[in-house]
Amino acid sequence: MLAAAWRRLSVPRYLGLVSLSFTAGTLHHMANDAAMTPPAGEVQPGRRHARYWLDDGSLVVRTQDDLFKVHRTLLQRHSNVVSALCEGATQGQNGDFGGCSVVHIPEERNVSSADFETLLAHLYHDSPIDSSSAFPQVASVLRVSSAGQLDFPSIHQLARSTFEKMMPTGPEPFLQVEDPDDALTLAVDFNVYPIQKTLFYAVATHAHLDHDEPEGPSPDGSTPSTQVPDTRLTLSPALTARCQALLNDLVAHFTPILFTVATAGHMQCTDVFAETWMPLVIQPALECSGLCRPIETLQTIIDLDWGAEGVCAKCVQEKREEWRAEQRTVWERMDEWLGLTGLPHSSGVNASREGKSQ
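Have a look at this one:
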């Protein structure tokens, strides 16, 4: 009886103590959470940039998770976008920012911290872009200074001009392009027409894209080797399709030219071409994707020592002129295949190439 009465008295008291303890714990955690939430106007935690956190900076700029403390007037002077963002900037209350205004670059502008750092390196003359700049640096400045990102018009024009000068505007055999897929994407996104054809050709002919094989077997009965497409490309589906279509057009155009034995003004020279065309021209082209690369294959034919094979000097000169003309024809036809007809670009051949192998 006494035990039962004790239980009736103790249980409510115990529950009351538990309730009080739970309430106190909840309030404690709520207080901690409130303390961890930055007050309005204070920048969320981010990484201070190791280089561009300047002691005398007057503006804190946040891109992604990085914080840059720079000079406000320098950015505002060049960019209307930064000026507009500064008008709505909050006043940093964190003592680490020394009362500097704080600007958060909107995510929809797609500004990366790496590109913004490259822009600052140009603005502060730590690493300004010029004719000796590497493509990744120029690409970063071209993107971040565009109207869709931070809109630095004069810097964007400089980056665009530098980008154009990196690429030839005529058929340049064996051209090595750094990051050709990224370069093509930039050239198309920013309408850099003078070098688009060069980059379309570089990607289409060197990315091991699938292409339509010519109908029927090759003269020696062999089948061109199938190459695995380069999966490292970062092209959009639309650009990939354009490169694929260009490759098909190049192969269709060049196939009959490659497989047709050259003829010369002299019968003796024609006989030499007939005897040597397969081992010197067709077979090497099939072994190194030459059918997909008409500019390079034609240049290889031009560079062969036909005189040593028995072709007279006059016929060698005439045939080399014909093969150079065919290079120009391929280059000019690409305007039609790519839909670039009428757009501002050059279709001339580099002068240095004209004087070679006379």
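Residue 67 in the UniProt record's numbering sits at position 67 of the sequence shown; the count goes up by one each step and never skips. Note that CB positions come from ideal geometry on N, CA and C, so glycine has one too. On a predicted model such as this, the values are computed, not experimentally measured, just so you know.
The criterion of a C-beta distance shorter than 8 Å is not satisfied by residue 302 and residue 328. In the three-state DSSP reduction, residue 242 falls in the helix class (H, G or I). Here residue 342 is exposed: its Cβ has fewer than 16 other Cβ atoms, across all protein chains shown, within 10 Å.
Annotated as proximal: residue 110 and residue 149, with beta-carbon spacing under 8 Å. Distance from the CA of residue 153 to the CA of residue 243, rounded to the nearest whole angstrom, comes to 31 Å. Annotated three-state conformation of residue 131 is coil, per DSSP. The continuous beta strand (DSSP E) containing residue 52 extends over residues 47-53. Per DSSP, the continuous beta strand (DSSP E) segment holding residue 103 begins and ends at 101-104.
In this structure the stretch 167-175 does not lie against the stretch 131-144, because fewer than three pairs of beta carbons, one per stretch, are closer than 8 Å. For residue 199, same chain residues with a beta-carbon under 8 Å away, outside a window of 5 residues either side, are 167, 177, 180, 183, 184, 187 in chain order.
Bounds of any alpha helix (DSSP H) do not take in residue 62; it lies within the beta strand (DSSP E) bounded by 59-63. In the structure shown, residue 249 adopts helical secondary structure according to DSSP, grouped into three states. For residue 316, the enclosing alpha helix (DSSP H) covers residues 313-338. Between residue 60 and residue 100 a beta carbon distance of about 5 Å is seen, short of the 8 Å cut, so the two are scored as contacting.
Pairing residue 277 with residue 262 gives a Cβ-Cβ distance under 8 Å. Per DSSP, reduced to three states, the secondary structure at residue 68 is strand. A straight-line Cα-Cα distance of about 53 Å links residue 53 and residue 297. Taken atom to atom, the span from the alpha-carbon of residue 272 to that of residue 314 is near 14 Å. With fewer than 16 other beta carbons inside 10 angstroms of its own, residue 132 counts as exposed. Within the same chain, 58, 59 come within 6 Å of residue 72 by CB-CB distance, once the 5 residues on both sides are set aside. Rounded to the nearest angstrom, the gap between the Cα atoms of residue 146 and residue 309 is 56 Å. Rounded to the nearest whole angstrom, the C-alpha separation of residue 234 and residue 121 is 26 Å. Sequence-distant Cβ neighbours of residue 81 in its own chain, meaning closer than 7 Å and more than five residues away, are 150, 151. Residue burial annotation: residue 336 is exposed, with fewer than 16 other C-beta atoms found within 10 angstroms of its C-beta.
By the neighbour-count criterion, in which 16 or more other beta carbons inside 10 Å mark a residue as buried, residue 117 falls on the buried side.
Between the alpha carbons of residue 143 and residue 306 lies a gap of roughly 48 Å. In the DSSP annotation of this structure, residue 191 is not part of any alpha helix (DSSP H), being labelled neither H nor E. Per the coordinates, the alpha-carbon of residue 286 lies some 42 Å from the alpha-carbon of residue 129. Spatial neighbours of residue 49 in its own chain (CB-CB distance under 6 Å, excluding positions within 5 residues in sequence) are listed in chain order as 66, 68.
For residue 269, the enclosing alpha helix (DSSP H) stretches over residues 267-277.
Each residue's CA atom was taken as its position, placing residue 155 and residue 279 some 53 Å apart.
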